[in-house]
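K.L.:
In terms of the UniProt record's numbering, the sequence shown opens at residue 1 and continues consecutively.
Each residue gets a CB set at the ideal place from its N, CA and C atoms; glycine is no exception.
Small disclaimer: the values here were computed from a predicted structure and weren't measured.
Below you'll find the structure I mean.
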Amino acid sequence: MLKQRLLALALTGALTGCIVEPSPEDPFDPNFPDGPSTMMPDLEIESVTGPSQLGPNSQDFLRARLCNRGGSFAITDVSFFLSKDKVLDPLDRRVGTSGQATVEAGACQEVMAQVKMQGVDQDGYYLFAVADPNDWTLESSETNNERMGAKLWVDRNVPPVPTLSWLTGNGQPKLLASSELGVSIRVYQGSTCSGEPVVNGYPSENGYCEMPIDISSYPAASYSARAYDSVGNASGCGSIQAPSGYGYDVTPPAPPVVTQANWSYGTTQHALTVKGTTEAGAEVGVFVDVACTGIPAATVFASSSGAFTAELTVAAQSGGSIRRVYVAARDAAYNESSCVEGPRYETPCQTGYANCDGNPANGCEAILTEDEANCGACGTTCQGSGNATGVCMSGTCGVACPVGRYDCDGNLSNGCESTYACSPSACTINASAELAITALSVVEDPVRTAPGGAWHFGTLMRAMAGDQDPSTLVRNWLKTWATAQTINGLTVPARTQMLTKVLTPWEQKSGGASRPLDFSKAPFRLLAIMNRMDLRNPGAQAGEGRFVFGVLDSSGNPLEFTIIFEYALPGGTPEAIQGWARGWHELGQLGLSHPDYKTKLQALTDRFAKSGVMAGRPFGNALNQIRTNEVDLADPWEMREFNLTTAGLQPATVKLTPAFSFNNTGALGDFLRANQADILAERHTVPTTLGSQRFLAGSAIVPEDFFWRAPSVAAEVRHKFSVNTCSGCHAGETATDFVHVAPRRAGQTAALSAFLRGGTVVDPVSGTSRSFNDLARRSEDLATLVCGTAGTQSLKDVETFGGFPAPSNLPRARVH
Numbered sequence: 001m002l003k004q005r006l007l008a009l010a011l012t013g014a015l016t017g018c019i020v021e022p023s024p025e026d027p028f029d030p031n032f033p034d035g036p037s038t039m040m041p042d043l044e045i046e047s048v049t050g051p052s053q054l055g056p057n058s059q060d061f062l063r064a065r066l067c068n069r070g071g072s073f074a075i076t077d078v079s080f081f082l083s084k085d086k087v088l089d090p091l092d093r094r095v096g097t098s099g100q101a102t103v104e105a106g107a108c109q110e111v112m113a114q115v116k117m118q119g120v121d122q123d124g125y126y127l128f129a130v131a132d133p134n135d136w137t138l139e140s141s142e143t144n145n146e147r148m149g150a151k152l153w154v155d156r157n158v159p160p161v162p163t164l165s166w167l168t169g170n171g172q173p174k175l176l177a178s179s180e181l182g183v184s185i186r187v188y189q190g191s192t193c194s195g196e197p198v199v200n201g202y203p204s205e206n207g208y209c210e211m212p213i214d215i216s217s218y219p220a221a222s223y224s225a226r227a228y229d230s231v232g233n234a235s236g237c238g239s240i241q242a243p244s245g246y247g248y249d250v251t252p253p254a255p256p257v258v259t260q261a262n263w264s265y266g267t268t269q270h271a272l273t274v275k276g277t278t279e280a281g282a283e284v285g286v287f288v289d290v291a292c293t294g295i296p297a298a299t300v301f302a303s304s305s306g307a308f309t310a311e312l313t314v315a316a317q318s319g320g321s322i323r324r325v326y327v328a329a330r331d332a333a334y335n336e337s338s339c340v341e342g343p344r345y346e347t348p349c350q351t352g353y354a355n356c357d358g359n360p361a362n363g364c365e366a367i368l369t370e371d372e373a374n375c376g377a378c379g380t381t382c383q384g385s386g387n388a389t390g391v392c393m394s395g396t397c398g399v400a401c402p403v404g405r406y407d408c409d410g411n412l413s414n415g416c417e418s419t420y421a422c423s424p425s426a427c428t429i430n431a432s433a434e435l436a437i438t439a440l441s442v443v444e445d446p447v448r449t450a451p452g453g454a455w456h457f458g459t460l461m462r463a464m465a466g467d468q469d470p471s472t473l474v475r476n477w478l479k480t481w482a483t484a485q486t487i488n489g490l491t492v493p494a495r496t497q498m499l500t501k502v503l504t505p506w507e508q509k510s511g512g513a514s515r516p517l518d519f520s521k522a523p524f525r526l527l528a529i530m531n532r533m534d535l536r537n538p539g540a541q542a543g544e545g546r547f548v549f550g551v552l553d554s555s556g557n558p559l560e561f562t563i564i565f566e567y568a569l570p571g572g573t574p575e576a577i578q579g580w581a582r583g584w585h586e587l588g589q590l591g592l593s594h595p596d597y598k599t600k601l602q603a604l605t606d607r608f609a610k611s612g613v614m615a616g617r618p619f620g621n622a623l624n625q626i627r628t629n630e631v632d633l634a635d636p637w638e639m640r641e642f643n644l645t646t647a648g649l650q651p652a653t654v655k656l657t658p659a660f661s662f663n664n665t666g667a668l669g670d671f672l673r674a675n676q677a678d679i680l681a682e683r684h685t686v687p688t689t690l691g692s693q694r695f696l697a698g699s700a701i702v703p704e705d706f707f708w709r710a711p712s713v714a715a716e717v718r719h720k721f722s723v724n725t726c727s728g729c730h731a732g733e734t735a736t737d738f739v740h741v742a743p744r745r746a747g748q749t750a751a752l753s754a755f756l757r758g759g760t761v762v763d764p765v766s767g768t769s770r771s772f773n774d775l776a777r778r779s780e781d782l783a784t785l786v787c788g789t790a791g792t793q794s795l796k797d798v799e800t801f802g803g804f805p806a807p808s809n810l811p812r813a814r815v816h
């Protein structure tokens, strides 16, 4: 035993690269003699027995005699294995394990386990028993724990289906059945070999057995039989009509009448209720998608009046598929009615999809949110005007200029009349009406920002909840601040003031924590509506539309806390991108004071903020993410990000931003130098991990005047990396006081940062002057779409874009 312990210590040292000596407090005496300990158990399998044959349904027991040759008791179990050779190895199949047994020193006892034959192929095997198979017991010797028993055969050959005929005459009829020798033949009422057998028989040497059938006790229109061999293999089912002339009921029930088949749609299961009438007391079988064959999905008995109701759940199928219900009745004599089909059911399509061609084979083939031939509903087609193209955006028809044509005169009747870029005097961008809308006439609109209005916080949240009460969604979201969150393997500490300052006061105004939230008292104030078409991704989305809210305290005063809902503009086709661009630009053509301005703006926001506008998203909602930025819950400022799932708003990583601990580290410097070309071109990404370390942040920590730096990194590389992070862009890199759209009091317009409206700052490291004017950049980008670029001559000039409009001037790396 001492040798074993020292060997283990030496092995530990070899594995860790050091010498491990016994501890001064090691309980083992160095003078302890080598060899087996007399004070430890020593388990041995003395014998192992089992049947000579096994089958897939065998219920036999395997037995072993377990002995303890050591000096102390042991508590252990025994496992049984089947091996094709005489050597037990890890690939051999374990077919049973005994319960735990206590074996005293010097004693033996029998243990057993019921065999489990799942997955064992037909073949010959040796039976092994192994004591302490998981090595939980420390023994003085581990060499005698297994024992090989006799060879056995695993039989998976099923007997032949019994052949059946009647022997009739005086007295009870006899069923004559034949099959192979050695089987048991079981006879059942009815034709399906189900229920309890009415009689068993065993073929004689000639292969036949005669079994009297008590027809008065077991009346049936037909009988069936199945053969079972000695190891549990079962034949198929044979059946035969009952003999005539014995005075029992041979009249089948009339076909059932199905009066109702109601389906309740579920994501993974459908609930089905079937009602109807049939013969009084009859057993009714309900079948789904099969015409009364196989095992029924449900069985019920009709009442004394003949009425029946079956309630069941069935696995869901893809949208657009046709579900069928079939019903048959069987009376007490096992006479079966004909099969009746009930009303058919078409599985609902996911939000935004429809089966417009009526063909269940291709399911929900139409995307109602973007199909010009089925826009919003099957058969609704989007018509163009002149040479303007009809386009379906979020299930609503609009028009768009084909790529390379422009509507310079704003006259819809002549479409997109120009193949040349519009002159600046004819086509200008009004940023305050088209890009960053903060006008009080909009953000304090008495209808749209009121409870239930299109731009109210509660309305937007209700759409995220599938047009249901969003109380649970919002509560669970806000409560994520109350406990530490693990995001990308990193811990984001709790900020429990979310409860104290926001959620609890709101719940008190709503009648308590157990009541639904009163969204008329929601502590959120609309600050701005933003057009971010510069975030377009051809083929995926036309950009983003955003709502920016400020959070209020219990008295309605603004907190230093903003929330931004960032939605995809659904549709990534050239026509959709052009259509969205035209829609936003028409706002500027109208102007903020125009009586139709807010109606037009709501028509645009409804296309991205309502449920059902983007197929394939939870509830058809187009939300890309929610981002928050605050310091009122704890110091310092912190930004978080959330994604909408069917389970609610889930915390997510903050994009392009490393974990705060990487700032000014060699690891960050190595990353910046290795990716220098991509960072300078602003096409880089920030991966979730850097080597073995978690890299992408779970939240962005933003101390005052913060910026990203790293040793031995070129000034422009450092700047381009820092300005594209959440924390750098909202602080020292752009000289921003944390928010680009500031909280506001009622009656005041939200202030925009110098980064948005234009300004010059000094680089926090190099001292270089840098100018920012992001709204001007966004204006140029939108103008390229709706006005064209100066010098553009014809459609041929834009064919280099692959048929898509001009690419965005936003750096590719920038995701916000």
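Can you tell me where the beta strand (DSSP E) holding Gly543 begins and where it ends?
P.N.:
For the purposes of this step, residue 543 is taken as the residue at position 543 of the sequence shown. Its beta strand (DSSP E) spans residues Gln541 to Leu552.
K.L.:
By alpha-carbon positions, which one of Asp357, Met211 and Glu417 ends up nearest to residue 825?
P.N.:
The shown model of the chain, from 1 to 816, leaves out residue 825, and the question about it has no answer.
K.L.:
Of all the beta strand (DSSP E) runs that stay within the bounds of the segment 87 to 170, which reach a length of 3 or more residues?
P.N.:
Those beta strand (DSSP E) runs which fall completely within the segment 87 to 170 and span 3+ residues are 93 to 97, 101 to 103, 108 to 114, 123 to 131, 146 to 154 and 163 to 167.
K.L.:
Please classify Asn134: is it buried, with 16 or more other beta-carbons within 10 angstroms of its beta-carbon, or exposed?
P.N.:
Counting from one through the sequence shown, the residue named residue 134 turns up at place 134. So Asn134 ends up on the exposed side.
K.L.:
Pull the bridge partners of Gln189 from the DSSP assignment, please.
P.N.:
By one-based count along the sequence shown, residue 189 stands at place 189. Its beta-bridge partners are Tyr223.
K.L.:
Beta-carbon separation of Gly281 and Val258 under 7 Å?
P.N.:
In the sequence shown, residue 281 corresponds to position 281, counting from 1. In the sequence shown, residue 258 corresponds to position 258, counting from 1. Contact: no.
K.L.:
Quick one: residues in its chain with C-beta nearer than 8 Å to the C-beta of Gly452, no 5 flanking neighbours on either side, listed in chain order?
P.N.:
As a position in the sequence shown, residue 452 is number 452, starting the count at 1. So the list reads Gly458 and Thr459, once near-sequence residues are dropped.
K.L.:
Keeping to the same chain, check which residues put their C-beta closer than 6 Å to that of Pro36; ignore five residues upstream and five downstream.
P.N.:
In the sequence shown, counting from the first residue as 1, residue 36 sits at position 36. Since pLDDT at Pro36 reaches only 47, below the 50 mark, its modelled position is unreliable, and the value read off the structure follows with that caveat. Ser140 and Ser141.
K.L.:
If Ile322 and Pro296 are in contact, beta carbons under 8 Å, what's the gap, nearest whole angstrom?
P.N.:
Looking up residue 322 in the sequence shown gives position 322. Looking up residue 296 in the sequence shown gives position 296. Not really, about 20 Å apart at Cβ, beyond 8 Å.
K.L.:
Where does Phe32 sit, in a helix, a strand or coil, going by DSSP?
P.N.:
Here residue 32 refers to the residue found at position 32 when the sequence shown is read from its first residue. Caution applies to Phe32, whose pLDDT of 42 falls short of 50 and renders its modelled position unreliable; the value that the coordinates give is listed next. Here Phe32 sits in coil by DSSP.
K.L.:
Write down the C-beta distance between Val327 and Val288 rounded to the nearest angstrom, noting that I regard them as a contact closer than 8 Å.
P.N.:
Within the sequence shown, residue 327 is the residue found at index 327, counting from 1. Within the sequence shown, residue 288 is the residue found at index 288, counting from 1. No, Val327 and Val288 are not in contact; Cβ-Cβ is about 10 Å, not under 8 Å.
K.L.:
If Asn531 and Trp481 are in contact, beta carbons under 8 Å, what's the gap, nearest whole angstrom?
P.N.:
Locating residue 531 in the sequence shown gives position 531, counting from the first residue. Locating residue 481 in the sequence shown gives position 481, counting from the first residue. Not really, about 30 Å apart at Cβ, beyond 8 Å.
K.L.:
Of the residues Ala710, Gly788, Leu127 and Gly384, which one's Cα is nearest the Cα of Pro764?
P.N.:
Here the question's residue 764 lines up with position 764 in the sequence shown. For Pro764, the nearest C-alpha among the options comes from Ala710.
K.L.:
For the structure I just gave you, are there three or more beta carbon pairs, one from the segment 619 to 630 and one from the segment 549 to 564, closer than 8 Å?
P.N.:
With the cut-off at 8 Å, the segment 619 to 630 and the segment 549 to 564 touch.
K.L.:
Just to confirm, is the Cβ distance from Ala436 to Leu785 under 7 Å?
P.N.:
Position 436 of the sequence shown, counted from the start, is the residue given in the question as residue 436. Position 785 of the sequence shown, counted from the start, is the residue given in the question as residue 785. Contact: no.
K.L.:
Give me, in chain order, the residues of the same chain whose beta-carbon lies closer than 8 Å to that of Thr688; leave out the 5 immediate sequence neighbours on both sides.
P.N.:
As a first step, residue 688 is located in the sequence shown; it is residue number 688 there, counting from the start. If we look at Thr688 and ignore the five residues flanking it on each side, its Cβ neighbours are Asn488, Thr653, Arg694, Phe695 and Leu696.
K.L.:
With a threshold of 6 Å on Cβ separation, who are the neighbours of Met393 within its own chain once the five nearest residues in sequence on each side are excluded?
P.N.:
Within the sequence shown, numbered from 1, the residue matching residue 393 stands at position 393. Excluding sequence neighbours, Met393 sits near Gly571, Ala576, Gly579 and Arg607.
K.L.:
Start and end of the alpha helix (DSSP H) containing Arg475?
P.N.:
On the sequence shown, residue 475 is found 475 positions in, with the first residue counted as 1. Arg475 -> alpha helix (DSSP H) spans Ser471 to Leu478.
K.L.:
Nearest by alpha-carbon distance to Ser413: which of Gly319, Asp214, Thr504 and Ala400 is it?
P.N.:
Numbered from its first residue, the sequence shown carries residue 413 at position 413. Minimum Cα distance to Ser413 is reached at Ala400.
K.L.:
Can you list, in chain order, the residues of its chain whose CB lies under 6 Å from that of Leu795, leaving out five sequence neighbours each side?
P.N.:
Here residue 795 refers to the residue found at position 795 of the sequence shown. Per-residue confidence for Leu795 stands at a pLDDT of 39, beneath the threshold of 50, marking its modelled position as unreliable; no derived number is given.
K.L.:
I need the DSSP call for Ile367, collapsed to helix, strand or coil.
P.N.:
Here residue 367 is taken as the residue at index 367 of the sequence shown, counted from 1. Ile367: strand per DSSP, three-state reduction.
K.L.:
By a C-beta neighbour count over all protein chains shown, 10 Å radius and 16 as the cutoff for buried, is Gly550 buried or exposed?
P.N.:
If you number the sequence shown from 1, residue 550 lands on position 550. Result: buried.
K.L.:
Contact between the segment 78 to 90 and the segment 161 to 180 is defined here as three or more beta-carbon pairs at a separation below 8 Å; is this criterion met?
P.N.:
Not touching, per the Cβ criterion.
K.L.:
Since Met639 and Ala700 should fall inside the 8 Å C-beta cutoff, what is the C-beta to C-beta distance between them, to a whole number of angstroms?
P.N.:
Translated into positions along the sequence shown, residue 639 becomes position 639. Translated into positions along the sequence shown, residue 700 becomes position 700. The Cβ separation is near 4 Å, so the contact holds.
K.L.:
Where Gly363 and Val502 are concerned, what is the direct C-alpha to C-alpha distance, given to the nearest angstrom?
P.N.:
Taking the first residue of the sequence shown as 1, we reach residue 363 at position 363. Taking the first residue of the sequence shown as 1, we reach residue 502 at position 502. If you take the alpha carbons of Gly363 and Val502, they lie about 46 Å apart.
K.L.:
Where Gly358 and Thr251 are concerned, what is the direct C-alpha to C-alpha distance, given to the nearest angstrom?
P.N.:
Walking along the sequence shown from the start, residue 358 turns up at place 358. Walking along the sequence shown from the start, residue 251 turns up at place 251. Near 41 Å, if we compare the C-alpha coordinates of Thr251 and Gly358.
K.L.:
How many Å lie between Thr102 and Ala150 at the Cα?
P.N.:
Locating residue 102 in the sequence shown gives position 102, where the first residue counts as 1. Locating residue 150 in the sequence shown gives position 150, where the first residue counts as 1. When rounded, the distance between both Cα atoms is 26 Å.
K.L.:
When burial is assigned at 16 or more other CB atoms within 10 Å of the CB, is Tyr265 buried or exposed?
P.N.:
Within the sequence shown, numbered from 1, the residue matching residue 265 stands at position 265. Looking at its Cβ environment, which holds fewer than 16 other Cβ atoms inside 10 Å, Tyr265 is exposed.
K.L.:
Using a Cβ-Cβ cut-off of 6 Å (strictly less than) and excluding sequence neighbours within five positions of Cys67, which residues of its own chain qualify?
P.N.:
Position 67 of the sequence shown, counted from the first residue, corresponds to residue 67. Excluding positions up to five away in sequence, the list reads Glu44, Glu46 and Cys108.
K.L.:
Of the choices Ser611, Arg448 and Cys787, whose alpha-carbon is the least far from that of Gln468?
P.N.:
The residue you call residue 468 lines up with position 468 of the sequence shown. Selected option, being the one with the closest Cα: Ser611.
K.L.:
Would you mind stating whether Thr143 and Ala74 have Cβ atoms separated by less than 7 Å?
P.N.:
Counting from one through the sequence shown, the residue named residue 143 turns up at place 143. Counting from one through the sequence shown, the residue named residue 74 turns up at place 74. No.
K.L.:
Once the 5 residues before and after Ser79 are set aside, which same chain residues still bring their CB inside 8 Å of it?
P.N.:
On the sequence shown, position 79 is the one that residue 79 refers to. Cβ neighbours of Ser79 beyond the five flanking positions: Arg94, Gly96, Thr97, Ser98, Ala113, Ala129, Val130 and Pro133.
K.L.:
Looking at the ligand NAP, does it come within less than 6 Å of Ala105, judged from the CB to the closest heavy atom?
P.N.:
As for the ligand NAP, it is missing from this structure, which has no ligand bound.
K.L.:
Count the other C-beta atoms from every protein chain shown that fall within 10 angstroms of the C-beta of Asp77, then say buried if there are 16 or more, exposed otherwise.
P.N.:
One-based indexing of the sequence shown puts residue 77 at position 77. Label assigned to Asp77: buried.
K.L.:
How long is the line joining the alpha carbons of Phe308 and Gly119, rounded to whole angstroms?
P.N.:
In the sequence shown, the residue the question calls residue 308 occupies position 308. In the sequence shown, the residue the question calls residue 119 occupies position 119. The straight-line gap from Cα to Cα measures roughly 42 Å.
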